[in-house]
Amino acid sequence: MSRAEMASFLVRALDLEPADAPAGFVDVDASSVHAASVEALFAAGVTAGCGTEPLRFCPDRAVSRAEMASFLVRALDLGQT
1 MSRAEMASFL
11 VRALDLEPAD
21 APAGFVDVDA
31 SSVHAASVEA
41 LFAAGVTAGC
51 GTEPLRFCPD
61 RAVSRAEMAS
71 FLVRALDLGQ
81 T
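Numbering (the working numbering), first residue to last: 1 to 81.
Given below as structure tokens:
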């Protein structure tokens, strides 16, 4: 599963709202079916992308188990309190 596909899966599963403003990922094509989901995850604080300067998401890279676990912990607010 790609990182972009994972973004769409999580947004649907968690019923996240679309982002008000784009995050500005240079590697996410605005016409992609997953673009709005990637932006929603960023706005919700679930992801910060895969790199900065420039801000990247790496949408076509396979999501690792560790990344998926991190996304779920943040999305479900399972971090330490």
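Glycine is no exception: its CB is placed at the ideal position from the N, C-alpha and C atoms.
Beta-carbon proximity check, residue i vs residue j, cutoff 8 angstroms
| i | j | result |
| --- | --- | --- |
| residue 35 | residue 29 | yes |
| residue 8 | residue 31 | no |
| residue 46 | residue 21 | no |
| residue 43 | residue 13 | no |
For residue i, three-class secondary structure by DSSP
| i | result |
| --- | --- |
| residue 61 | coil |
| residue 2 | strand |
Distance between beta carbons of residue j and residue i, contact taken as under 8 angstroms
| i | j | result |
| --- | --- | --- |
| residue 86 | residue 56 | The structure shown has nothing for residue 86, since the chain only spans 1 to 81. |
| residue 41 | residue 10 | 6 angstroms |
Euclidean distance between Cα positions of residue i and residue j
| i | j | result |
| --- | --- | --- |
| residue 49 | residue 5 | 14 angstroms |
| residue 92 | residue 54 | Only positions 1 to 81 of the chain appear in this structure, which leaves residue 92 out of reach. |
Contact set for residue i: own chain, Cβ-Cβ below 6 angstroms, skip 5 residues either direction
| i | result |
| --- | --- |
| residue 60 | 2 |
Cβ-based neighbour list, residue i, same chain, cut-off 8 angstroms, excluding 5 preceding and 5 following
| i | result |
| --- | --- |
| residue 64 | none |
| residue 62 | 1, 2, 3 |
Residues near residue i in its chain [Cβ-Cβ closer than 7 angstroms; skip 5 each side]
| i | result |
| --- | --- |
| residue 33 | none |
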